[in-house]
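Numbering (my numbering), first residue to last: 42 to 547. Glycine residues also receive a C-beta, built at the ideal position from the N, C-alpha and C atoms. Owing to the predicted nature of the structure, the values given are computational and were not obtained by experimental measurement. Okay, structure first, notes after.
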């Protein structure tokens, strides 16, 4: 006869063991949740409100395609926050081209005028200051924390569009990497990606963790949803330290192009052992820190004793790797950069001082200054720059302009004694220039047989010319543009009146 008590006992034991397992999970969750609440320091909302600033900016910029014209005055809002010594930290793009800036803190009914103290377009940061001391009454100053760990929560605070009250949104740190900053479109620094929406108006607001600022909200992904980026505190501290002497100098640049060392055939050709990692140098840019110290073909093994991987990254912390350029980014002018490398099969070490690269100023988007230009016989000459290229492309006058694009992208490599490329990119129509379309979208090389390196040299030669005819030569064109100087002088007066120009150069 089957003993029915035995299976019942077994079932009961199974139930008890499952219940115990679930209970352990539940109790572990409670312990974890309590630990999270204990380790995450919550800052009171009222304290946050005392430190965060709503900024209103009225700005006006010139038209790069018609640089004698000023654009409309526009208004926009952004966010900033107090960091001590009456300083307000925000993004450079919030206050670029500003004509008037005002701000208020929570519960303030008056708007206070601000002034820009320092602005850094290469890392999209700016320091502002209120002109009235009453703006700072009953305020709170944030302190800077460390770079947050992956997977940890972070709070984005600001005044995004859609309301006039302060907003706090929470996200998770999902990635830490080097990326291009949209404001300059050239400079690349460390960024932190979060899965929280960063909308217009959020820019310049603090990203908080454990009661401290761990970044500044500054841009969002154009593709994907709820992907935002913040500027980490190492970039913020670099900006603040650079400004301590009363002047912002800007980031140093290594000035190298490199490629990965994955290719087996390339490694065999260069006689690189299989167990050696690093990246190959393809170009050394003029004016960069590495010029005359690093050569094309070198295999960079380490930077400041930190091994460089085959993909060009170094170990940033226990969780992630970043581009080795990040090590240079954290340096100031004059500090040493040390590489271990292989050159022609031999290991060696090189060391050289970090320095700024002026050519990058030429390639950045331009803010807070007018665009220089010169109009001669209705022909518009201007130094080539990123803003002009973008505007020129938008109006569709790009026929034959591939030379512009190539020279702009490769200017640091191909320039000789050029400080800038002067281009003829449009004309104000008049009988004197009716047959000169052949020369549009070309780069000036010489005037009256004299090579020029910038627009000022060109203006000086033309204004001081005593010849009856003026000859303007262009790159890759065998025939120069020839104009009668007396006829041109007369035509310039007519063009000025016809197009309501107050001046023909600036």
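Assuming contact is defined by CB atoms lying nearer than 8 Å, are residue 247 and residue 93 in contact in what I supplied?
The answer is yes: Cβ separation under 8 Å.
Quick check on this structure: which residue in 131, 250, 496, 439 has the alpha carbon closest to the alpha carbon of residue 478?
Of 131, 250, 496, 439, the residue nearest in Cα terms is 439.
State the Cα-Cα distance for the pair residue 105 and residue 300, rounded to the nearest angstrom.
Looking at the two C-alpha atoms, the distance is approximately 35 Å.
Should the stretch 279-293 be called in touch with the stretch 189-197, which here means at least 3 C-beta pairs below 8 Å?
No: the two stretches stay apart, fewer than three of their Cβ pairs being nearer than 8 Å.
Report the rounded CA-to-CA distance for residue 88 versus residue 279, giving the unit in angstroms.
Between residue 88 and residue 279, the C-alpha separation is close to 26 Å.
Residues bridged to residue 283 by DSSP?
DSSP lists no partner for residue 283.
When we look at the beta-carbon of residue 446 and count the other beta-carbons within 10 Å, is it buried (16 or more) or exposed?
Exposed, by the Cβ-count rule.
Between residue 436 and residue 463, how many whole angstroms is the CB-CB distance? I'm expecting something under 8 Å.
Actually they do not touch by this definition, with Cβ atoms about 20 Å apart.
Would you call residue 354 buried or exposed, if buried means 16 or more other Cβ atoms sit within 10 Å of its Cβ?
Buried: at least 16 other Cβ atoms inside 10 Å.
For residue 421, count neighbouring C-beta atoms within 10 Å of its own C-beta (all shown protein chains included) and say buried if the count is 16 or more, exposed if not.
Flag for residue 421 reads buried.
Could you tell me which uninterrupted beta strand (DSSP E) segments, each at least 3 residues in length, are contained entirely in the stretch 298-375, listed from first to last along the chain?
Complete beta strand (DSSP E) runs here, min 3: 320-325, 340-344, 354-356, 362-364.
According to DSSP, is residue 135 helix, strand or coil?
Residue 135: helix per DSSP, three-state reduction.
Which same chain residues, not among the five before or five after residue 381, have their C-beta less than 6 Å away from its C-beta?
Answer for residue 381: 342, 343, 390, listed in chain order.
Does the stretch 499-514 come within contact of the stretch 468-477, defined as at least 3 CB pairs closer than 8 Å?
Result no; under three Cβ-Cβ pairs closer than 8 Å.
Would you identify the three-state DSSP class for residue 295, choosing helix, strand or coil?
Coil.
Out of 119, 319, 154, 258, which one is the CA nearest neighbour of residue 173?
Taking only the C-alpha atoms, the option nearest residue 173 is 154.
Within the same chain, show all residues whose beta-carbon is closer than 8 Å to that of residue 209, passing over the 5 residues directly before and after it, in chain order.
Here the set comprises 86, 89, 196, 197, 198.
Assuming residue 532 is part of the alpha helix (DSSP H), what are its boundary residues?
Looking at the DSSP string, the run of the alpha helix (DSSP H) that includes residue 532 is 526-539.
Residues bridged to residue 99 by DSSP?
116, 141.
Among 367, 273, 99, 143, whose alpha-carbon lies nearest the alpha-carbon of residue 116?
Ranking 367, 273, 99, 143 by Cα distance to residue 116 puts 99 first.
Does residue 209 come out as helix, strand or coil in the three-state DSSP assignment?
Reduced to three states, the DSSP call for residue 209 is strand.
Based on DSSP bridge pairs, tell me the residues matched to residue 270.
Residue 270 is bridged to 234, 260.
I want to know whether the stretch 159-170 touches the stretch 306-320 - three or more CB-CB distances under 8 Å.
Contact between the stretch 159-170 and the stretch 306-320 is absent, because fewer than three Cβ pairs lie under 8 Å.
Apply the 10 Å Cβ neighbour rule to residue 152 and answer buried if 16 or more other Cβ atoms are within range, or exposed otherwise.
Classification for residue 152: exposed.
Tell me, please, whether the stretch 232-252 touches the stretch 264-274 by the rule of three or more beta-carbon pairs shorter than 8 Å.
Result yes; three or more Cβ-Cβ pairs closer than 8 Å.
Using only the alpha-carbon positions, how far apart do residue 264 and residue 429 sit?
In a straight line, the C-alpha of residue 264 is about 26 Å away from that of residue 429.
Any idea what DSSP makes of residue 545, helix, strand or coil?
Note: residue 545 maps to coil in three-state DSSP.
In the structure shown, what three-state DSSP assignment does residue 250 receive?
Here residue 250 sits in strand by DSSP.
Just checking my contact of residue 373 with residue 330 at CB under 8 Å: how many whole Å lie between their CB atoms?
The Cβ separation is near 12 Å, so there is no contact.
Is residue 99 a contact residue of the ligand MN, with contact defined as CB to any heavy atom under 7 Å?
Among the components modelled here there is no ligand, and therefore nothing to report on the ligand MN.
Given this structure, state the Cα-to-Cα distance separating residue 118 from residue 333, to the nearest angstrom.
Cα-Cα distance, rounded: 46 Å.
Using only the alpha-carbon positions, how far apart do residue 535 and residue 407 sit?
So the alpha carbons of these two residues sit roughly 32 Å apart.
Tell me whether residue 510 sits in a helix, a strand or coil according to DSSP, three-state version.
Of the three classes helix, strand and coil, the one that applies to residue 510 here is strand, per DSSP.
Could you tell me the alpha carbon to alpha carbon distance between residue 262 and residue 366, rounded to whole angstroms?
Using only the alpha carbons, I get a separation of about 23 Å.
Between which two residues does the alpha helix (DSSP H) harbouring residue 174 extend?
Segment: none, residue 174 is in no alpha helix (DSSP H) and carries neither H nor E.
Kindly indicate the opening and closing residues of the alpha helix (DSSP H) around residue 443.
Here the alpha helix (DSSP H) through residue 443 covers 443-450.
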